[in-house]
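Here the structure comes first, spelled out in structure tokens, and everything after it is commentary.
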Amino acid sequence: MISQNRRSFFKTVIAAGAAMAVSGTGTLAGSAHAATAGAINGVCVYAPGLGSARDFVESMQKSAPGAWNVQPLSGSLTDCYFQAALLFEDAKRGSTNTFVGVLDQASFAVVHEAIVDRGGRFHYVTQNGADRVTFSVEV
Amino acid sequence: MSRFVALPKGVSEETFARAISEYRALLGEGRVRTDPASLQSYMKIMIPESEELHKPSAVIYPKSVQEIQKIVGIANKYKTPLWTVSTGKNMGYGTAAPATRGQIVLDLKTMNRIVHVDEELGYCLVEPGVTYYDLQQHFKKNRMNLWVDVPAPSAMASPVGNTADRGVGYTPYGEHFLFSCGMEVVLANGDVIRTGTGGLANSSSWQTNKWGNGPYVDGLFTQSNLGIITKLGVWLMKGPPPGGYYPFLMKFPKVEMLPDIIKTLMPLRMSQIIPNACIVVNAGWEAAGYFTYDKNGKGTNRETFYKGKGSLPPKVFQQIMDKYDVGAWNFYAALYGSPEQVALNWKYVSGAFKQKFGKDVRIITEKEAKDDPIFEYRRQLMMGGSTLQEFGLYNWRGGGGSMWFAPVAARPSECEQQMKVATDILNKYGFDYVSEFIVGWRDMHHIIDLLYDRTQPEEMKRAYKCFDELLTVFTKNGYGTYRTNTAFMDKVSRSYGEGMRDIHHKLKRALDPNNILAPGKSGINLQA
Chain A
1 MISQNRRSFF KTVIAAGAAM AVSGTGTLAG SAHAATAGAI NGVCVYAPGL GSARDFVESM
61 QKSAPGAWNV QPLSGSLTDC YFQAALLFED AKRGSTNTFV GVLDQASFAV VHEAIVDRGG
121 RFHYVTQNGA DRVTFSVEV
Chain B
1 MSRFVALPKG VSEETFARAI SEYRALLGEG RVRTDPASLQ SYMKIMIPES EELHKPSAVI
61 YPKSVQEIQK IVGIANKYKT PLWTVSTGKN MGYGTAAPAT RGQIVLDLKT MNRIVHVDEE
121 LGYCLVEPGV TYYDLQQHFK KNRMNLWVDV PAPSAMASPV GNTADRGVGY TPYGEHFLFS
181 CGMEVVLANG DVIRTGTGGL ANSSSWQTNK WGNGPYVDGL FTQSNLGIIT KLGVWLMKGP
241 PPGGYYPFLM KFPKVEMLPD IIKTLMPLRM SQIIPNACIV VNAGWEAAGY FTYDKNGKGT
301 NRETFYKGKG SLPPKVFQQI MDKYDVGAWN FYAALYGSPE QVALNWKYVS GAFKQKFGKD
361 VRIITEKEAK DDPIFEYRRQ LMMGGSTLQE FGLYNWRGGG GSMWFAPVAA RPSECEQQMK
421 VATDILNKYG FDYVSEFIVG WRDMHHIIDL LYDRTQPEEM KRAYKCFDEL LTVFTKNGYG
481 TYRTNTAFMD KVSRSYGEGM RDIHHKLKRA LDPNNILAPG KSGINLQA
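From first to last, the protein sequence lines are chains A and B. Counting from 1, one number per residue, gives the positions in the first sequence under UniProt numbering. Counting from 1, one number per residue, gives the positions in the second sequence under UniProt numbering.
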């Protein structure tokens, strides 16, 4: 179980990211209002081995309810790059309105580039300590 | 409060707004962005400085040479500097962020045509947004038996960008600028030139003859802010026949064996028995590649082995070597040619190392390596394959900080001295020595990754001081730095002496008097 404080933190971060993606107007984490429940049609990529990422995903699904397509990025870092690229391209084409992620430093380095290389723009990128990065991308 | 994220030095908000209006009139709003979300990815830095120092004011996406000519016209009119990136993957050297605050990023990823691939003569002509992966896919699709030499972030990096920064790879064509042939360049005044024989009408040898007539100028546009490269010729290697590629690994147990390793390999390299830009990798770098997660979701990085403050003690390094079965030094190279040539050359290579090291060398061939992921990563690199494995280094220490310190070494004794000096300085500041030597034609690129935690302000300060001291001490010893990050370009430029700095600035004044092309690149800035 994650602590109440951490849960509250996740809720703020993820809700802010989701709300900005839905509105399409926000630019900085924390500046948006909470998303309307049910408005999220989101993709969440995560590093499956990273324990705190699993916590994050669990918390996100509770804190920001909606239709979440939760995608582990597995395999080599090269695989991660191409998986993220495909997911982001799919998200842009479909009805997805939120694209978020929780990754370790190495996976984030390649996923960030995969998204940027396909014209993606980030609402925010947050370093959560030394080992974990969370982010939200405009779709 | 300004409506822009940042402004170029000396340019008022009103003037900048007028410039942006003109850029938008030329390219449309979608290709001229000033909003924070569009600029966020150009603010991502890994150097130990504040993002504030490197914030761009805008990003522009041209699609043609003609558009770039008009863009530089507007830049001259309003004095809005342009920081050019091809795909912007210069990770440990400063990423895509400008050297100084307020520059407009000229992102050329939207110019991504493979103009021509010539299988008969083994070359290609590409635009800046083409990646190594794009080229590999092109070869595959068209069933061409060609290899392009790649740097480590091959899947997403650009041959134009990497060559322009004088990057290196790992095949026999590893020195990228050496294997480039012919450029198209937009100058700061909007003129377009084609170097080498490219100026001839209907030239048939632009990508086959490097020199053309008169002074050779291609080098002026590498590590440079004297022009914008819009096309580049790259020589491609013909893939060897089946059985003609033989990658191997040799592991050595002791750090102090480095000079003898170099002494043994250099004659083989110079005689082209080992023809590729081979690599001697230290234990820290090698171990970082084996990063995995335990059942509790905790990554196995340096903290798994050492929870103390400061650098890893030698006995912990030994534990790491034992755990991952890596050498203190790990030498990766490959043989190329016909199967018969390879078999014969292998006798020379394995014989030379066995004779020198006896039981102290463990030799691992592709067959013996089986599915080892790090061997596979090196095997891919030495045949121009796509891999992003090197990014695994970022999990080793965590925190997202990385700077390549890249001095050049020549003789074996210098490699040893550089290793000792670098280790002492890094350890003094609490960092680890994580390195590889890429073996060039006559020199070594000694690549040290200064990994640190950017989430800790105190550690950022230490990392900055550490890099600064490395640079000072190496310079004092006569060791030049072949490439550096945007935080230290000015200092590196000064290390090469006033004479070189003066000629660089004279060229800048002659070719770009308004200082609109990437001020600060390689320490060249008329405003500083």
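Ideal Cβ placement from N, Cα and C applies to all residues, glycine included.
Which residues in the same chain have their Cβ closer than 7 angstroms to the Cβ of residue i, if we skip the five residues on either side of it in sequence?
{"i": "A:Lys92", "result": "Val139"}
{"i": "B:Leu388", "result": "Pro153, Ala155"}
{"i": "B:Glu416", "result": "Leu258, Pro259"}
{"i": "B:Lys263", "result": "Pro412"}
{"i": "B:Arg24", "result": "Val32"}
{"i": "A:Arg6", "result": "Residue placement at A:Arg6 is poorly supported in this model, since its pLDDT is 40, which falls under 50; the coordinates still yield a value, given next. Answer for A:Arg6: no residue qualifies."}
{"i": "B:Glu22", "result": "Ile74"}
{"i": "B:Val217", "result": "Thr195"}
What does a CB cutoff of less than 6 angstroms around residue i pick up in its chain, not counting 5 residues either side in sequence?
{"i": "B:Arg462", "result": "Tyr429"}
{"i": "B:Tyr464", "result": "Pro48"}
{"i": "B:Arg113", "result": "Glu127"}
{"i": "B:Arg101", "result": "Ala6, Leu53, Lys55"}
{"i": "B:Thr486", "result": "Gly94, Ala99"}
For the beta strand (DSSP E) containing residue i, list its first residue and its last residue.
{"i": "B:Thr481", "result": "481-483"}
{"i": "B:Cys181", "result": "180-186"}
{"i": "A:Gln127", "result": "122-128"}
{"i": "B:Leu249", "result": "245-252"}
{"i": "B:Glu436", "result": "435-439"}
{"i": "B:His446", "result": "444-453"}
{"i": "B:Gly401", "result": "400-409"}
{"i": "B:Val421", "result": "No beta strand (DSSP E) holds B:Val421; the alpha helix (DSSP H) holding it covers 412-428."}
{"i": "B:Ile20", "result": "Run containing B:Ile20: none in the beta strand (DSSP E); it sits in the alpha helix (DSSP H), 13-27."}
{"i": "A:Gly42", "result": "40-46"}
{"i": "B:Thr84", "result": "82-85"}
{"i": "B:Ala58", "result": "58-60"}
According to DSSP, is residue i helix, strand or coil?
{"i": "residue 530 of chain B", "result": "No statement about residue 530 of chain B is possible, as the shown extent of chain B runs from 1 to 528 and does not include it."}
{"i": "B:Glu175", "result": "strand"}
{"i": "B:Trp211", "result": "coil"}
{"i": "A:Thr27", "result": "Because the pLDDT of A:Thr27 is 31, which lies under 50, any placement of that residue in the model is unreliable, and the number read from its coordinates should be weighed accordingly. Coil."}
{"i": "B:Thr365", "result": "strand"}
{"i": "B:Cys278", "result": "coil"}
{"i": "B:Ile524", "result": "coil"}
{"i": "B:Leu236", "result": "coil"}
{"i": "B:Val288", "result": "Just to set this straight, residue 288 of chain B is Ala in the shown sequence, not Val. Residue state, collapsed to three classes: helix."}
{"i": "B:Tyr332", "result": "strand"}
{"i": "A:Gln83", "result": "helix"}
{"i": "A:Asp132", "result": "The question names Asp, but residue 132 of chain A is Arg in the sequence shown. Three-state result, A:Arg132: strand."}
{"i": "B:Val192", "result": "strand"}
{"i": "B:Tyr216", "result": "coil"}
{"i": "A:Ala35", "result": "Reliability fails at A:Ala35, whose pLDDT of 44 lies under 50, so the model's placement of it is uncertain and the value that follows must be treated cautiously. In this structure, A:Ala35 counts as coil in the three-state DSSP scheme."}
{"i": "B:Lys231", "result": "strand"}
{"i": "A:Val139", "result": "coil"}
{"i": "B:Tyr377", "result": "helix"}
{"i": "residue 539 of chain B", "result": "The question about residue 539 of chain B has no answer, for chain B in this structure spans 1 to 528."}
{"i": "B:Tyr293", "result": "strand"}
{"i": "B:Arg33", "result": "strand"}
Given residue i, which residues of its chain have a CB within under 8 angstroms of its CB, disregarding the five upstream and five downstream residues?
{"i": "B:Pro62", "result": "Leu27, Arg31, Ile68, Ile71, Leu106, Leu108, Thr110, Met111"}
{"i": "B:Gly523", "result": "Met489, Asp490, Lys491, Val492, Ser493, Arg494, Arg501, His504"}
{"i": "A:Ser107", "result": "Ala47, Leu73, Leu77, Cys80"}
Over what stretch of residues does the alpha helix (DSSP H) that includes residue i continue unbroken?
{"i": "B:Arg302", "result": "302-305"}
{"i": "A:Ile115", "result": "105-116"}
{"i": "B:Tyr42", "result": "No alpha helix (DSSP H) contains B:Tyr42, which DSSP labels as neither H nor E."}
{"i": "B:Asn345", "result": "339-357"}
{"i": "B:Ile71", "result": "65-78"}
{"i": "B:Lys10", "result": "Correcting the residue type first, residue 10 of chain B is Gly in the shown sequence and not Lys. It is not in any alpha helix (DSSP H) - B:Gly10 carries neither H nor E in the DSSP assignment."}
{"i": "B:Ser322", "result": "It should be pointed out that residue 322 of chain B corresponds to Asp in this sequence rather than to Ser. Taken as a continuous stretch (DSSP letters only), the alpha helix (DSSP H) holding B:Asp322 covers 314-324."}
Quiz prompt | Selection of the region 440-464 of chain B by Cβ proximity to chain A, strictly under 9 angstroms | solution = Asp453, Arg454, Thr455, Gln456
Practice problem: Taking a Cβ distance cut-off of 9 angstroms, strictly less, list which residues of the region 302-320 of chain B are near chain A, in chain order. | Solution: Glu303
Practice problem: Could you name the residues of the region 63-96 of chain A whose beta carbon sits closer than 7 angstroms to any beta carbon of chain B, in the order they occur along the chain? | Solution: Ser76, Leu77, Thr78, Tyr81
Exercise. Starting from the N-terminal side, write out each stretch of the beta strand (DSSP E) that is 3 residues or longer and does not extend beyond the region 87-147 of chain B.
Key: 104-107, 114-118, 123-126
Quiz item: Going along the chain, which residues of the region 80-111 of chain B sit with their C-beta nearer than 8 angstroms to a C-beta in chain A?
Solution: Thr87, Gly88, Lys89, Met91, Lys109
Quiz prompt | Positions along the region 39-66 of chain A whose CB lies within less than 9 angstroms of some CB in chain B | solution = Ala47, Pro48, Gly49, Leu50, Gly51, Ser52, Ala53, Arg54, Asp55
Exercise. Can you check the region 48-101 of chain A for any alpha helix (DSSP H) of at least 4 residues that lies completely inside it and give the ranges in chain order?
Key: 51-63, 77-93
Practice problem: Please name the residues in the region 390-401 of chain B whose beta-carbon is closer than 8 angstroms to at least one beta-carbon of chain A, in chain order. | Solution: Phe391, Gly392, Leu393, Tyr394, Asn395, Arg397, Gly398, Gly399, Gly400
Quiz item: the region 146-157 of chain B: which residues have C-beta closer than 7 angstroms to a C-beta of chain A, in chain order?
Solution: Ala155, Met156
Quiz item: When you check each C-beta in the region 181-214 of chain B against every C-beta of chain A, which residues fall closer than 8 angstroms?
Solution: none
Exercise. Pull out every residue of the region 42-58 of chain B whose Cβ sits closer than 8 angstroms to any Cβ of chain A, in chain order.
Key: Lys44
Self-check item: Within 9 angstroms of chain B by C-beta, residues of the region 98-109 of chain A in sequence order
Solution: Asp104, Gln105, Ala106, Ser107, Phe108, Ala109
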